[in-house]
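Chains as they are written, first to last, in this note's numbering: chain A, 1 to 535; chain B, 536 to 947. Where is the CB? At the ideal position from N, CA and C, for every residue including glycine. These notes are about the structure you will find just below.
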């Protein structure tokens with residue numbers, strides 16, 4: 001039985017770890033003892049050649065090859081191209097983002113549309129290879145983390161990326177849960193403690209509140225914003241400079257991908273510097289040369305106060321999910337014993353100040369914020385593999401599941417933050433005399449109307465017995481298992497006749513699509529492995 | 536002579552059992568056929584739990600326990616023979632067939648557990664007192680989670696195992712969720728109370744626990760007493776919020792082969808109809824009530840001898856005490872008489888099944904014992920003794936199997 005690895009597939013960086021029975025989880029470092037791998041994939045060589053660079057190598061050539069270097073694919077995975085934040089990402093990303101036939105956001109490199117699943121699969125494959133080299137044995141199974149606020153489609157798309165990379169994804173684990181698992185495992189202490197994990201990463205924000213007692217990790221509530229992360233703080237800096245450059249030089253840099261790439265890199269550097277310094281400056285000589293008589297050289301200085309003012313509304317967006325999670329857990333700030341900061345962006349002083357005002361206490365920083373999520377994934381892999389017989393994770397459903405009532409109404413059946421697995425029942429009656437069938441549509445989301453929620457599937461029960469409206473009654477049973485797989489059963493009560501569906505979320509790629517991609521990868525790998533003989 | 540001895544027995548599952556006793560006499564060489572010199576140790580009576588551990592260890596190692604005429608005395612040259620037997624006879628299984636067999640055993644065990652668990656109320660599921668504190672509820676659930684959480688079963692290929700684990704855990708989680716909420720706990724307690732009141736019309740059964748449950752919140756409408764027949768068809772307790780709080784009614788065990796359609800709509804279900812269904816809980820309730828109260832225990836003759844309720848109650852209590860003291864056959868005699876006198880006395884009826892179950896255990900027939908205990912719980916769902924017996928059987932059987940399976944996993 002091969003081992004199960006834990007993977008933190010991050011927006012900007014990824015990390016892989018494994019659980020050793022006895023000593024616990026540890027990071028599997030790559031070449032040059034690198035413990036994290038940039039989530040960057042670059043397409044090099046001839047068009048459609050299948051030559052790709054992943055990680056550090058891809059990042060190093062990004063500035064010179066911006067249009068064919070894909071970063072932040074996690075922001076696109078399982079998303080529609082018309083989503084608001086995808087639109088913004090498309091405007092600033094140096095590579096092209098296009099709409100797939102089904103409306104999904106894909107990237108286009110040269111003239112080839114590529115799904116974000118495929119991009120992510122390159123990163124996963126890289127991490128898998130890294131793990132195999134470190135362990136000296138083949139690896140086929142993994143636990144992969146996603147932001148708690150990822151919806152079913154984003155989760156399934158992440159699973160599909162694993163499939164393409166030849167990994168069986170045993171479980172999709174929520175990032176803040178993973179962080180708490182890794183963090184709590186070291187700190188065994190008698191009694192029950194309530195911990196909040198505040199995870200602000202490159203592209204997503206999650207807040208989870210957990211109770212830890214005697215190695216049982218019970219998630220009480222989770223909330224967040226799947227489109228809020230460190231990149232947004234970069235964005236305010238970029239926007240600020242693009243505007244000032246336009247005012248000064250009448251040049252719109254957003255049409256110059258190379259310049260945007262350099263500007264983004266500079267913004268990231270300045271943001272990081274502002275975490276410890278009062279001010280930061282950037283110098284970008286020859287930033288833009290295309291149109292004017294003189295190339296544009298840029299020098300800018302920004303103070304922390306200016307930066308905080310620019311990003312005030314982003315900080316504001318952190319509050320609602322925190323209060324929402326506390327509310328769902330039935331707790332107030334003083335009930336929370338410890339707030340754990342995870343994710344690169346949580347290092348920012350303004351963010352920490354916000355956390356401290358929300359939770360009314362000093363937050364503690366994870367010892368290794370870049371690795372803690374992967375370590376937690378590995379810890380969970382240890383549980384699943386049976387290597388850890390003590391720790392138990394009780395996770396929750398991150399979104400409400402309900403059904404369509406009336407023409408656009410939404411009636412919740414399984415409330416968000418219900419402990420998994422969970423089953424709920426609901427009783428219905430027919431609306432019409434001698435109604436022949438009922439069709440129940442299942443939705444996911446927090447809105448009161450179905451238009452604000454996502455449709456997951458439907459179940460149809462036909463052959464109902466004749467009867468006046470309201471006399472034929474149907475019992476609906478909704479079950480969500482630990483893998484967040486939803487099954488729905490409708491039973492007519494007088495005859496016992498029933499219909500059941502197991503709803504498999506779609507990540508955008510069909511089974512055929514997946515098989516095709518896997519096949520394509522296989523032939524590519526073969527052609528690389530075997531040098532062409534007929535040349 | 537008379538020196539106290541303690542024997543620690545390590546079982547293949549890793550559990551250690553402590554046996555206490557005293558040296559009775561020294562045995563010379565040749566005194567017993569084929570045995571060397573040794574000592575004769577007289578052991579104190581083994582607790583039931585120890586019996587279970589040893590038995591399941593032996594049975595999983597493929598050894599049928601030899602019938603021992605007197606379980607209290609074992610002639611044992613040091614080291615105790617049982618230890619040797621156990622350690623020798625726990626070969627590490629490497630064969631695929633045995634692995635399949637082990638998975639099959641686990642499926643069977645989970646089915647059994649699911650069946651017995653679905654009859655229990657939330658307190659019984661978590662093996663708790665009615666006055667359990669929140670902390671006790673949490674720690675009981677935590678301990679059960681470590682054993683039954685579906686994550687523990689993902690390592691098995693079998694879809695069936697994982698589905699069963701899911702079902703079992705849903706029962707536990709619902710019990711936990713309802714007991715940590717004040718409202719849920721009240722609902723369950725009043726449901727138990729209603730069952731107890733409705734179950735026996737003439738002789739109210741002895742409370743299964745010495746301490747009475749906390750005062751019950753007055754209800755808006757008193758529920759109609761539900762006769763046994765209605766309960767046998769798993770009519771939910773007639774409380775409005777029952778569905779998510781009462782595991783037995785919520786999750787009937789998913790029998791793939793036969794799913795009997797519910798004949799009478801449950802009263803509480805009707806209340807939750809969100810639309811226009813003309814819900815008539817009272818009517819549904821009376822339908823259930825109208826069915827004759829036939830005892831599920833059919834092998835008992837239905838002759839009724841007039842006895843004063845008080846006297847009967849005392850005799851049943853005595854029977855139960857005798858049972859508790861370990862004199863199962865005597866307890867069985869007393870309780871049988873009482874059950875024959877009054878076939879509606881669920882305490883006596885359940886007591887008969889309990890005594891039969893204990894006897895079956897003594898004779899090493901675990902299946903029979905399990906069935907008897909479940910029957911007791913069927914007759915009297917509020918019978919904590921039965922629930923505890925089942926819980927104990929389940930616990931040891933599963934921990935044993937898990938030990939075996941983990942060993943297999945590591946070998947594979």
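query: Are the region 866 to 886 of chain B and the region 843 to 855 of chain B touching by the rule of at least three beta carbon pairs closer than 8 Å?
result: Yes, since at least three Cβ pairs between the region 866 to 886 of chain B and the region 843 to 855 of chain B fall closer than 8 Å, the two stretches touch.
message: Closest to residue 33 of chain A by C-alpha separation, out of A:102, A:134, A:18, would be which residue?
response: Scanning A:102, A:134, A:18 for the CA closest to the CA of residue 33 of chain A turns up A:134.
field: Beta-carbon contacts of residue 168 of chain A that lie in its chain and below 8 Å, excluding the five residues immediately before and after
entry: Here the set comprises 140, 141, 142, 162.
field: Residue closest to residue 347 of chain A, alpha-carbon to alpha-carbon, out of A:17, A:127, A:271
entry: The shortest Cα separation from residue 347 of chain A among A:17, A:127, A:271 belongs to A:271.
query: Can you find a C-beta in chain A that's less than 8 Å from the C-beta of residue 501 of chain B?
result: With chain B covering only 536 through 947, there is no way to say anything about residue 501 of chain B.
- prompt: Mind pulling the beta strand (DSSP E) runs of 3 or more residues that sit fully within the region 328 to 357 of chain A?
  reply: Scanning the region 328 to 357 of chain A for uninterrupted beta strand (DSSP E) segments of 3 residues or longer gives 338 to 342, listed from N- to C-terminal end.
- request: Put residue 914 of chain B into one of helix, strand or coil per three-state DSSP.
  value: Here residue 914 of chain B sits in helix by DSSP.
- prompt: Is residue 181 of chain A buried or exposed, if buried means 16 or more other CB atoms sit within 10 Å of its CB?
  reply: Classification of residue 181 of chain A: buried, given that the 10 Å Cβ count is 16 or more.
message: Give me the chain B residues within the contact set of residue 436 of chain A, using Cβ-Cβ distance strictly less than 9 Å, ordered along the chain.
response: Close to residue 436 of chain A, with beta-carbon spacing below 9 Å, lies no residue of chain B; the smallest spacing is near 17 Å.
field: CA-to-CA distance, residue 377 of chain A to residue 27 of chain A, given in whole angstroms
entry: For the pair residue 27 of chain A and residue 377 of chain A, the Cα-to-Cα distance works out to about 11 Å.
message: Beta-carbon within less than 7 Å of residue 509 of chain A's beta-carbon, same chain only, minus the 5 sequence neighbours each way: which residues are those?
response: Residues of the same chain with a CB within less than 7 Å of the CB of residue 509 of chain A, apart from the 5 flanking positions on each side, are 115, 117, 160 in chain order.
- prompt: Got a sec: which bits of the region 408 to 433 of chain A sit with their beta carbon under 9 Å from any beta carbon on chain B, in order along the chain?
  reply: For the region 408 to 433 of chain A, the set of positions with a beta-carbon nearer than 9 Å to some beta-carbon of chain B reads 411, 418, 419, 420, 421, 422, 423, 424, 425, 426, 427, 428, 429, 430, 431 in chain order.
message: According to DSSP, residue 444 of chain A sits in a beta bridge with which residue or residues?
response: Per DSSP, the beta-bridge partners of residue 444 of chain A are A:401, A:454.
- prompt: Given 8 Å as the limit, is there contact between the region 215 to 229 of chain A and the region 332 to 340 of chain A, that is, 3 or more CB pairs closer than that?
  reply: With contact defined as three or more Cβ pairs closer than 8 Å, the region 215 to 229 of chain A and the region 332 to 340 of chain A are not in contact.
- prompt: Which of helix, strand or coil does DSSP assign to residue 277 of chain A?
  reply: Of the three classes helix, strand and coil, the one that applies to residue 277 of chain A here is coil, per DSSP.
message: Along the chain, where does the alpha helix (DSSP H) containing residue 377 of chain A start, and where does it finish?
response: Counting along the chain, the alpha helix (DSSP H) containing residue 377 of chain A begins and ends at 372 to 385.
query: Quick one: what does DSSP say residue 421 of chain A is sitting in, helix, strand or coil?
result: When secondary structure is reduced to three states using DSSP, residue 421 of chain A falls in the coil class, being assigned neither helix nor strand.
- prompt: Hey, residue 91 of chain A and residue 254 of chain A: beta-carbon distance below 8 Å or not?
  reply: Yes, these two residues count as a Cβ contact at 8 Å.
message: Can you tell me which residues form a DSSP beta bridge with residue 500 of chain A?
response: Paired residues: A:489.
message: Measuring only the C-alpha atoms, how far is residue 544 of chain A from residue 468 of chain A?
response: Outside the displayed range of chain A (1 to 535) lies residue 544 of chain A, so it cannot be described from this structure.
query: Is residue 287 of chain A near residue 259 of chain A, with beta carbons less than 8 Å apart?
result: Yes.
field: Straight-line Cα distance separating residue 385 of chain A from residue 402 of chain A
entry: Rounded to the nearest whole angstrom, the C-alpha separation of residue 402 of chain A and residue 385 of chain A is 33 Å.
message: Would you say residue 329 of chain A lies against chain B (beta-carbon separation less than 8 Å)?
response: Taking 8 Å as the threshold, the shortest C-beta distance from residue 329 of chain A to chain B does not fall below it.
task: Assign residue 200 of chain A to one of three DSSP states: helix, strand, or coil.
output: Correct three-state label for residue 200 of chain A: strand.
- prompt: According to a CB-to-CB cut-off of less than 9 Å, which residues of the region 706 to 730 of chain B neighbour chain A?
  reply: For chain A, the residues of the region 706 to 730 of chain B that bring a beta carbon within less than 9 Å of one of its beta carbons are 708, 709, 711, 712, in chain order.
message: Determine, for residue 208 of chain A, whether the minimum Cβ-Cβ distance to residues of chain B falls below 8 Å.
response: For residue 208 of chain A, the answer is no, since every Cβ of chain B falls outside 8 Å of its Cβ.
message: Here's the rule I'm using: 16 or more other beta-carbon atoms within 10 Å means buried, otherwise exposed. How should residue 353 of chain A be labelled?
response: Classification for residue 353 of chain A: exposed.
- prompt: Can the beta-carbon of residue 146 of chain A be found closer than 8 Å to that of residue 41 of chain A?
  reply: Result no, Cβ atoms of residue 146 of chain A and residue 41 of chain A do not sit closer than 8 Å.
message: Under DSSP, the beta strand (DSSP E) around residue 685 of chain B begins and ends at which residues?
response: Element bounds for residue 685 of chain B: n/a, residue is neither H nor E.
task: For residue 792 of chain B, count neighbouring Cβ atoms within 10 angstroms of its own Cβ and tell me buried if that reaches 16, exposed if not.
output: Caution applies to residue 792 of chain B, whose pLDDT of 41 falls short of 50 and renders its modelled position unreliable; the model cannot decide the point.
message: If we define contact as Cβ-Cβ less than 8 Å, is residue 379 of chain A a contact residue for chain B?
response: Residue 379 of chain A does not count as touching chain B.
field: Meets three-Cβ-pair contact criterion under 8 Å: the region 389 to 405 of chain A and the region 478 to 491 of chain A
entry: These segments touch.
- prompt: If you measure from the beta carbon of residue 677 of chain B to each beta carbon in chain A, is any gap under 8 Å?
  reply: Chain A contact via Cβ: present.
message: Given a cut-off of 8 Å on the beta-carbon distance, is the pair residue 871 of chain B and residue 887 of chain B in contact?
response: Result yes, Cβ atoms of residue 871 of chain B and residue 887 of chain B sit closer than 8 Å.
- request: Excluding the 5 residues preceding and the 5 following residue 638 of chain B in the sequence, name in chain order all residues of the same chain whose CB lies nearer than 7 Å to its CB.
  value: Within the same chain, residue 638 of chain B has close Cβ partners 691, 693, 696.
- request: Measure from the C-beta of residue 781 of chain B to each C-beta in chain A and report whether the shortest distance is under 8 Å.
  value: Its pLDDT being 39, under 50, residue 781 of chain B is placed unreliably by the model, and nothing is read from it.
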